[in-house]
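Those sequence lines, one after another, are chains A and B.
Throughout the first sequence, residue numbering follows the numbering used here, covering 23 to 663 in sequence.
Throughout the second sequence, residue numbering follows the numbering used here, covering 23 to 663 in sequence.
The beta carbon of each residue, even a glycine, is placed where N, CA and C say it ideally should be.
Fair warning: this is a prediction, and the values are worked out from it, not measured in the lab.
The next block holds one structure in the form of structure tokens; read it before the comments.
2 protein chains.
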Amino acid sequence: MMAFVVYIGCNTTLAAAAAALCAYIAPAAAGSGIPEVKAYLNGIDAHSILAPSTLLVKIFGSVLGVSAGFVLGKEGPMVHTGACVASFLGQGGSRKYGLTWNWIRYFKNDLDRRDLITCGAAAGVAAAFRAPVGGVLFALEEVTSWWRSVLLWRTFSTTAVVVMVLRGLISYCRGGHCGLFGKGGLIMFDLSSRQAAYTAKDLAAVMLLGILGGLLGALFNFFVDRILRVYSLLNEKGARSKIILTATISVITSCCTFGLPWLTSCTPCPPELAGKCPTIGRSGNFKNFQCPAGHYNALASLFFNTNDDAIRNLFSAGTDREFGAATLLTFFVTVYALGVLTYGVAVPSGLFIPVILAGASFGRLTGALLGSISGLDTGLFALLDAASFLGGTMRMTVSVCVILLELTNDLHLLPLIMLVLLIAKTVADCFNRGVYEQMVRMKGLPYLEVHAEPCMRSLVAGDVVSGPLITLSSVERVGTVVETLRQTGHNGFPVIEEPPLAAAPELCGLVLRSHLLVLLQGRTFTRGRAKAGAAEVFRKLAPFDFAKAGSGKGLKVEDLDLSEEEMDMFVDLHPITNRSPYTVVENMSLAKAAVLFRGLALRHMCVVSMTQRRPPVVGILTRHDFMPQYIRGLYPNTIPR
Amino acid sequence: MMAFVVYIGCNTTLAAAAAALCAYIAPAAAGSGIPEVKAYLNGIDAHSILAPSTLLVKIFGSVLGVSAGFVLGKEGPMVHTGACVASFLGQGGSRKYGLTWNWIRYFKNDLDRRDLITCGAAAGVAAAFRAPVGGVLFALEEVTSWWRSVLLWRTFSTTAVVVMVLRGLISYCRGGHCGLFGKGGLIMFDLSSRQAAYTAKDLAAVMLLGILGGLLGALFNFFVDRILRVYSLLNEKGARSKIILTATISVITSCCTFGLPWLTSCTPCPPELAGKCPTIGRSGNFKNFQCPAGHYNALASLFFNTNDDAIRNLFSAGTDREFGAATLLTFFVTVYALGVLTYGVAVPSGLFIPVILAGASFGRLTGALLGSISGLDTGLFALLDAASFLGGTMRMTVSVCVILLELTNDLHLLPLIMLVLLIAKTVADCFNRGVYEQMVRMKGLPYLEVHAEPCMRSLVAGDVVSGPLITLSSVERVGTVVETLRQTGHNGFPVIEEPPLAAAPELCGLVLRSHLLVLLQGRTFTRGRAKAGAAEVFRKLAPFDFAKAGSGKGLKVEDLDLSEEEMDMFVDLHPITNRSPYTVVENMSLAKAAVLFRGLALRHMCVVSMTQRRPPVVGILTRHDFMPQYIRGLYPNTIPR
């Protein structure tokens, strides 16, 4: 009883500390982080996602959360951590503290910064699973929205470095002076000794596993979605309610993990393992718990172990008798339910470990039940069902396959893993979306999907550009520019060459708010409406001044301090006008425009008119114009929901 | 002597047969086929690349070529074969013979057919190396130009099926009744028993391997390029000269493989292998050749073996004494030279096997020389140098890495393979391009590169649209349409809505030549200039009639048989006009337009005017407008070569 109080106390304290970090310092650090990174790489430039504070909270919160005994993984947070580190580097250090390097200037643009962050995410996966190729594929399959062939090579180099560093650390730690880290080599669950010879009957069993995994995975996603909706209501009430929620879940978790083993009967140790069973030390397979000497508690052996060791136990061959069906069923139900309950509390929490644990225990259970039909090892069933659960929840194929191979080093199993993944993904796709996509949607982030929504097919680009179009003249009065920037929140403005500079109104290009602000601060103004020339502007400002600022460091309109006299002068926008804006004609199908917008990773797209009668630009499309909610708001009646 | 004559006679006959097949039936079947598939998937819709005749010649030519003892691989041809089979399926069977299925209609468009062919290429690699994940990655990294996330999942399913079928065949053939195929499991060179523990010294040796592999790989590419230029002069002279060239190379190959072992001294068999050495049977490691009993000829053991067995021998651990330094050097030089000489003869020939053989022998040689410095096994050196040669010639990273892992099943080597590949690719990239890119360029195919050429940066889209723009009215006289189709070779025409249908000229969209021909054949004409309406057209023609025809089956202008009276009637182009053409403004940077054009996989792009003074469309950009040669022809003086 005393032990229980200490156990529950420690866990709840750790959990509350993690929740406090998340709630007060960086709310963006809660959860897996993979949906956020996915959203960032889709072009959603939300500051908090990759801020340094998020990074710190993610690291420490994850450590606290794992220590608190929650059913959660460290893999998702590691992906987020990797992305945060990359983003921190990509901001080019800090000008304030003189920590800038010249080479780091190359990342002062969206494209390269995005590549860097993709590499960071790949490095996170590579480090979490010690799976370099899996990391590359995870970044490509799940995280990025835009794939370029150089990206493959860049992520590959990153993970090569990661694996070299990991290998160095492991060989340094082999002596055991880094705690648990030193244990095990580069391959976490080396099962390569097993020979897999399978028959048609086994294939049928594997297919059944795939179907069950797909169903349970889809169900998991459904529950996670519902729970997150409930939690978000609670979390909205403030930081305190977040901490209380986390502490409650922690208490429930502790009760389950500590209480359930009491209900299990003790098993006598197998005689051939006299020295090793039961283990009292820190990590080992046969936990004594409440049992008399020479016996072990199977459920406690699963719960009171590191997650890695629990998974290794479940995957191992030849341990059929160690865990009975009742133990496995209890463990599966507990992990599945706690996995659903835990995700969404204000703690950095990954989904990989809960899903793998649930899948492995369910697989062993199925294996034990199907023992008469299939001759496959139950450990193999555990591995395959872990694959099928991963496929059912996350809907990844190649990357999960390679990650599992890199975890277990057993290439003979490749055909079976591929089969089970394909079936699980196909089955689960009939019910709902992958868990990460679902979370991106639920967070309300303006994520651009690969495929256009059906409602866009019946609309054209001109239909959704609404409100008066705000354009600037190619040589504009300073006051007008400042006023425009103050009164609108737009980030891009079309520039029109007007008489007397042109015979008829002519599209000159597009200027960005951030460039306008830098130009205005440079104060290259003229008295009359005349071209100043680029040479004049670049005498005062270096091209690098226009580079993308680090997070939250950009200029604001309020920072400008212009005199009345300056406000009446003119500024030449030609030097900063992007003369090659991407355009679509006004009766371009909205669905096609959406695919184009996403495919080119744009932020603004000009809609040009098709006829000579009207001015050259009709409007500007931004990300928000492609959001289904917005379109449904504009055309509520004509579009089926 | 008699044996030599028989040997050389057999080889030359087989070689000549293969060359005759290629020269007379399908010249497109010569060579590796990977550059051609790459070009097709870049949007170059050349009929012969994936024609059924190419498929047949590729299969039989490859069998003959490998049997003829050439230093060439079957892997490249298998990729091409896979793509051809996919293309054949994707054409929807044959309407002529009633072999059509409804579901196959889905492939009657460029996008899906391209996906199918990518899957075919992936299946080819998966079958050739028994490497399903490697196949997926190869298709993504090397073959496709456009990557979509569904493609990952599709190629993965394909290779999963491939590996299941392969496994079934292997287990069926285990009894040995399929010749050499039954030998070996799904993993071709299983080396998993080896433990790799490496030190800093070993890493230095591995880096050296990477640098040497990069240099020799780049040199290989250089030689292949030169040799191909020489051969193409000979091959242009006709089919007979192709056959003579092939026969000559065959004689040289036979002389080398048969002659060189005579120069080698015999090695006594190691005493512990009394029963196995020398082998007289079909496949084995210790070939007797001219040696007395109890001795073997090391060089003959490499030459007179299947390529697979030769590679397995070189990769194996613990055979340090089997092959001496002189043997390895001779073998390396011969294979390297013959590999260069053989590629480019009119025989289906892959590059993987020669490169792996050269790399493996060079690696063992280096390993033997560095034996005092590095403690790594020479078999491991062979594997790593094979990786470095592959990286140096083909410049692939992730896919080569995964293919090698799937070939050898040794995940412990992953960090070393990654390192060596990265170094080799980086070194080789300093000198020239990858061998496949080089060949695409040399064949003069209008391949669109990922990055725009530097000469495009100083030009705008309007600069390269040349010649008079041919437009059609939205309701056009039949005679005019026919005349336009006869007199120009264009495949797309802008449609302009003109008075009286519109107040001012207005861009209506784009029509395709193939759609115009189908519409004209449908004969939905009106007497006066009036809209006929889509309903009228689609009463006569099903939407499927407009689907992309199979290879070479499309309509031609000459096939139309219209009377004089019909030629004076009008045809409404609205139903077949693509009202959402992709457009760029005329002063869009040409480099950006090129990236857009390639990124969206377009065939036509309208250039619209920026001002109200001019008609809405200025010109049409096609693939050829982005070719550097064309641009240099237009602006020879202003653009540096």
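Supposed close pair residue i, residue j - CB separation, criterion 8 Å
{"i": "Val533(B)", "j": "Leu595(B)", "result": "6 Å"}
{"i": "Gly550(A)", "j": "Phe592(A)", "result": "7 Å"}
{"i": "Thr430(B)", "j": "Phe211(B)", "result": "5 Å"}
{"i": "Ala332(B)", "j": "Leu379(B)", "result": "6 Å"}
{"i": "Lys96(A)", "j": "Ser109(A)", "result": "Not a contact, Cβ separation roughly 20 Å."}
{"i": "Arg136(B)", "j": "Leu77(B)", "result": "About 18 Å; that fails the 8 Å criterion."}
{"i": "Asp669(B)", "j": "Leu231(B)", "result": "Residue 669(B) cannot be examined here, being either before or after the span of chain B that is shown, 23 to 663."}
{"i": "Ala409(B)", "j": "Leu426(B)", "result": "6 Å"}
{"i": "Val155(A)", "j": "Glu428(A)", "result": "7 Å"}
Own chain, CB closer than 8 Å to residue i, minus 5 neighbours either side, in chain order
{"i": "Arg531(A)", "result": "Arg is not the amino acid found at residue 531(A); the sequence shown has Gly there. Counting only Cβ-Cβ distances below 8 Å, and skipping sequence neighbours, we find Pro516, Val517, Thr599, Asn600, Arg601, Ser602 and Pro603."}
{"i": "Ala269(A)", "result": "Thr34, Ala37, Ala38 and Ala41"}
{"i": "Tyr674(B)", "result": "The question about residue 674(B) has no answer here: the residues shown for chain B are numbered 23 through 663."}
{"i": "Leu507(B)", "result": "Arg535, Leu538, Leu539 and Val579"}
{"i": "Tyr458(A)", "result": "Ser54, Ile56, Pro57, Lys60, Glu164 and Met416"}
{"i": "Tyr194(B)", "result": "Cys200"}
Cutoff 6 Å; reference residue i; Cβ partners in own chain excluding five residues on either side
{"i": "Ala450(A)", "result": "Gly236, Gly239, Ala240 and Gly414"}
{"i": "Ala143(A)", "result": "Val59, Val101, Gly104, Ala105, Ala161 and Val165"}
{"i": "Gly456(A)", "result": "Met416 and Arg417"}
{"i": "Asp647(A)", "result": "Val486"}
{"i": "Thr605(B)", "result": "Cys628 and Val630"}
{"i": "Arg304(A)", "result": "Note on Arg304(A): pLDDT 49, under 50, position unreliable in the model; no value is reported."}
Check whether residue i and residue j have beta carbons under 7 Å apart
{"i": "Val377(B)", "j": "Phe411(B)", "result": "yes"}
{"i": "Ala483(B)", "j": "Val629(B)", "result": "yes"}
{"i": "Met440(A)", "j": "Ala557(B)", "result": "no"}
{"i": "Gly87(B)", "j": "Tyr253(B)", "result": "no"}
{"i": "Leu538(B)", "j": "Leu582(B)", "result": "no"}
{"i": "Ser54(B)", "j": "Gly361(B)", "result": "no"}
{"i": "Gly385(A)", "j": "Ala368(A)", "result": "no"}
{"i": "Asp224(B)", "j": "Ser396(B)", "result": "yes"}
{"i": "Thr364(A)", "j": "Phe92(A)", "result": "yes"}
{"i": "Val497(A)", "j": "Met589(A)", "result": "no"}
{"i": "Gly157(B)", "j": "Val147(B)", "result": "yes"}
{"i": "Ile66(A)", "j": "Ala50(A)", "result": "no"}
{"i": "Gly389(B)", "j": "Ala339(B)", "result": "no"}
{"i": "Thr185(B)", "j": "Pro370(A)", "result": "Residue identity check: residue 185(B) is Val in the sequence provided, not Thr. No; because the gap between Cβ atoms is not below 7 Å, this pair is not in contact."}
{"i": "Ala261(A)", "j": "Ala45(A)", "result": "yes"}
{"i": "Phe353(A)", "j": "Phe26(A)", "result": "no"}
{"i": "Ser263(A)", "j": "Leu255(A)", "result": "no"}
7 Å CB neighbourhood of residue i in its chain, flanking five on each side removed
{"i": "Phe82(B)", "result": "Leu43"}
{"i": "Leu159(A)", "result": "Val420, Ser421 and Val424"}
{"i": "Pro283(B)", "result": "Phe311, Asn319, Leu321, Ala322 and Phe325"}
{"i": "Val617(A)", "result": "Ala474"}
{"i": "Pro74(B)", "result": "Phe110"}
{"i": "Arg176(B)", "result": "Asp137 and Cys141"}
{"i": "Asn290(A)", "result": "Rather than Asn, the amino acid found at residue 290(A) in this sequence is Pro. Excluding positions up to five away in sequence, the list reads Gly316 and His317."}
Residues that residue i bridges to, as DSSP identifies them
{"i": "Met627(B)", "result": "Leu643(B)"}
{"i": "Asp594(A)", "result": "Val497(A)"}
{"i": "Phe515(A)", "result": "Val533(A)"}
{"i": "Asn600(B)", "result": "Leu532(B)"}
{"i": "Pro290(B)", "result": "His317(B)"}
{"i": "Tyr365(A)", "result": "Val367(A)"}
{"i": "Phe160(A)", "result": "In the DSSP output, where bridge partners are listed per residue, Phe160(A) has none listed."}
C-beta neighbour in chain E for residue i, strict 7 Å
{"i": "Leu481(A)", "result": "Although the question refers to chain E, the structure presented lacks it and instead comprises the protein chains A and B."}
Exercise. Which whole runs of the alpha helix (DSSP H) in the region 411-477 of chain B are 4 residues long or more, in chain order?
Worked result: Within the region 411-477 of chain B, the complete alpha helix (DSSP H) runs of at least 4 residues are 420-430, 436-451 and 457-464.
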